[in-house]
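>
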Amino acid sequence: MTVSLEQLRRCHFAVDLGAARTRVYVKGSGLVVDEPSAAAINTRTGALIAVGEFAEKMTGRTPSYIRVVRPVSGGTVVDIEMAQRMLRHLLGEKLRRTLRRKPRLRAAACTPHDADPLAQRAAVETLVGLGARRVELVDTLIAAAVGCGLPVEQPEATMIIVCGAATTQIAVLSLGAIVTADRVPVGGDAIDHAVVQHLRQQHELMLPSQSVRPLQLALSGNGLTPHGPEQTEIHGRDVATGLARSVHVDTSAVRRAIHTPLTAVLDGIGKVLRDCPPDLVADLADRGIMMVGGSALLPGLDQMLRDATGMPVHIAERPDVCAVQGLGAMMEGRIQPLVLDPLTG
818 MTVSLEQLRR
828 CHFAVDLGAA
838 RTRVYVKGSG
848 LVVDEPSAAA
858 INTRTGALIA
868 VGEFAEKMTG
878 RTPSYIRVVR
888 PVSGGTVVDI
898 EMAQRMLRHL
908 LGEKLRRTLR
918 RKPRLRAAAC
928 TPHDADPLAQ
938 RAAVETLVGL
948 GARRVELVDT
958 LIAAAVGCGL
968 PVEQPEATMI
978 IVCGAATTQI
988 AVLSLGAIVT
998 ADRVPVGGDA
1008 IDHAVVQHLR
1018 QQHELMLPSQ
1028 SVRPLQLALS
1038 GNGLTPHGPE
1048 QTEIHGRDVA
1058 TGLARSVHVD
1068 TSAVRRAIHT
1078 PLTAVLDGIG
1088 KVLRDCPPDL
1098 VADLADRGIM
1108 MVGGSALLPG
1118 LDQMLRDATG
1128 MPVHIAERPD
1138 VCAVQGLGAM
1148 MEGRIQPLVL
1158 DPLTG
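Residue numbers (this note's numbering): 818 to 1162.
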C-alpha cells in the first residue's frame, strides 16, 4: 500500500476525485458527498454558480458567459483552485466547520496507478487548501479492492479492473500490494464517444449531450450481448438540417462500434496476465476477475471479458463507490494487516 494502515487510521476524511464523480467519506459519518465533478462559473465575474448535479444538468444549455468546467481529468486534478472551490461547496458550511475543529486535520485521497509526482502533488494541494495539515495518498486499485471485500492482505492472487470514465486500471494484487498493473486510457467516455461517432457517421444524427447517456439508449436490453433487441429508436438532431429527428438503429452495429475501444482493455488484461507469476495466474483461474468503477455497469461488458479470458468475472455490489468505501474501511480500522510471527532459532 502507498501508506501504512496506522497512518490511514489517523485520517479524518477521505476524497475520491474522479473524472466523472467526486466522493467524500467522513470518519464516523460515512459517505457524505457523491456528486458529478462539475462546476459552472460566470466568466464575466468569476463567480461560482453551481456545482455537482445542478452544474452537470447545465452542460450544453448555458448562455455564452456561463461555462461548465471539469477540474478533474483522468483521475488527475488539472485545475487546483476550481477543485478546491467545488469541494468546499459540495461539503457545505456545516460539515466544513466540523472538520476545521479537528486538531491537525488529516485527509486521504485516491490516486491513479502510476500517477506522476505532479498529479500526486495536485491532489495533495487540493486537500491542503481545504485545511488538511497532512494528506495520505492511496493507490485507487488498492482502495477499490478493499472496498469490494477482496482479501488483499492474503498470499493469494486477486485481479481487479477499475473501469473509470477516462481510464481503465487493471492489476493483480497479493499480500496487500500490487504485483503487476497496467493503466489503459480508455473508459466510459471513450465508449460513449464511439456510439456518438457511429450515429453521426452512419445516420447523420447528433445526440443531445445531457438528455440521456447515449450508451444506455443504444444498448437497452442485454447490452453488448447479441441477445438484446435488434433495433432501438434514438432521438437527436439532424446534422444537415438541424431539425429534431428519430432513427431506428441496428444494435449489432452499435455493439461493433463499441468493441473497437474495448479491445484496448482486453490488450491491457493480456499484458497484466503475461507479466504475472504463473502461481498467481493459477489462483486467478478459480478466483476470477472483480470489476469495479462506474463503467463496470456497462451492459454485457462482464460477459465480453468472460468470453475473451475464459475466467469468471464478477461485478462488485456497488462498483461506483468501492474506492472511497475502501478508504473509509481503512480509516475506520476495519482492515487488519496480515501479521507474520518472526522465525526464531
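We put the beta carbon where it would ideally sit given N, CA and C, even for glycine.
#1: Can you find the residues in the same chain that come closer than 8 Å, C-beta to C-beta, to Glu953, ignoring five residues on each side of it along the sequence?
#2: In terms of residues, what are the limits of the beta strand (DSSP E) holding Gly1087?
#3: Quick one: what's Thr985 bridged to in DSSP?
#4: Answer with buried or exposed for Ser846, where buried requires no fewer than 16 other C-beta atoms within 10 angstroms of its C-beta.
#5: For the structure I just gave you, are there three or more beta carbon pairs, one from the stretch 979–998 and one from the stretch 836–852, closer than 8 Å?
#6: Give the range of the alpha helix (DSSP H) segment to which Gln937 is assigned.
#7: Can you round the beta-carbon distance between Met1121 and Leu1101 to whole angstroms, since I take them to be within the 8 Å contact cut?
#8: Between Pro880 and Val868, what straight-line distance do the alpha-carbon atoms span, to the nearest angstrom?
#9: Find the nearest neighbour of Ala1133 within the set Leu1083, Tyr882, Asp1119, Val1066, judged by alpha-carbon distance.
#10: For Arg884 and Ile1152, what's the separation of their Cα atoms in angstroms?
#11: What's the gap between the Cα of His930 and the Cα of Ala855?
#12: Would you call the stretch 961–973 and the stretch 1077–1096 touching, i.e. three or more CB-CB distances under 8 Å?
#13: Going by beta-carbon coordinates alone, are Val1012 and Ile1106 separated by less than 8 Å?
#14: Using 8 Å for Cβ pairs, my map puts Gly794 next to Leu1022. What's the rounded Cβ distance?
#15: Can you give the Cα-Cα distance for Pro1078 and Gly1111, rounded to whole angstroms?
#16: Look at His1015 and Val1071 and say whether their C-beta atoms are less than 8 Å apart.
#17: For Gly869, which of helix, strand or coil comes out of DSSP?
#18: Is Pro1136 helix, strand or coil when you go by DSSP?
#19: Pick from Val849, Val832, His1131: whose alpha carbon is nearest that of Ala949?
#20: Reducing DSSP to helix, strand and coil, say where Leu954 ends up.
#21: Nearest to Pro934 by CA position, among Pro888, Thr893, Asp1096, is which residue?
Taking the definition as stated:
#1: Thr819, Val820, Gln824, Leu825, Cys828, Arg923, Ala924, Ala925, Ala926
#2: First-last for Gly1087: 1068–1092, but that is the alpha helix (DSSP H), not the beta strand (DSSP E).
#3: The bridge partners DSSP lists for Thr985 are Cys980, Val1001.
#4: exposed
#5: yes
#6: 934–945
#7: Not confirmed; about 18 Å, so no contact.
#8: 17 Å
#9: Comparing Cα positions, the closest option is Asp1119.
#10: 42 Å
#11: Per the coordinates, the alpha-carbon of His930 lies some 23 Å from the alpha-carbon of Ala855.
#12: The stretch 961–973, when compared against the stretch 1077–1096, does not touch it at the 8 Å Cβ threshold.
#13: no
#14: Because the chain spans 818 through 1162 in this model, residue 794 falls outside it and cannot be assessed.
#15: 17 Å
#16: yes
#17: DSSP places Gly869 in helix when its eight states are reduced to three.
#18: helix
#19: Val832
#20: strand
#21: Cα-wise, what sits closest to Pro934 is Thr893.
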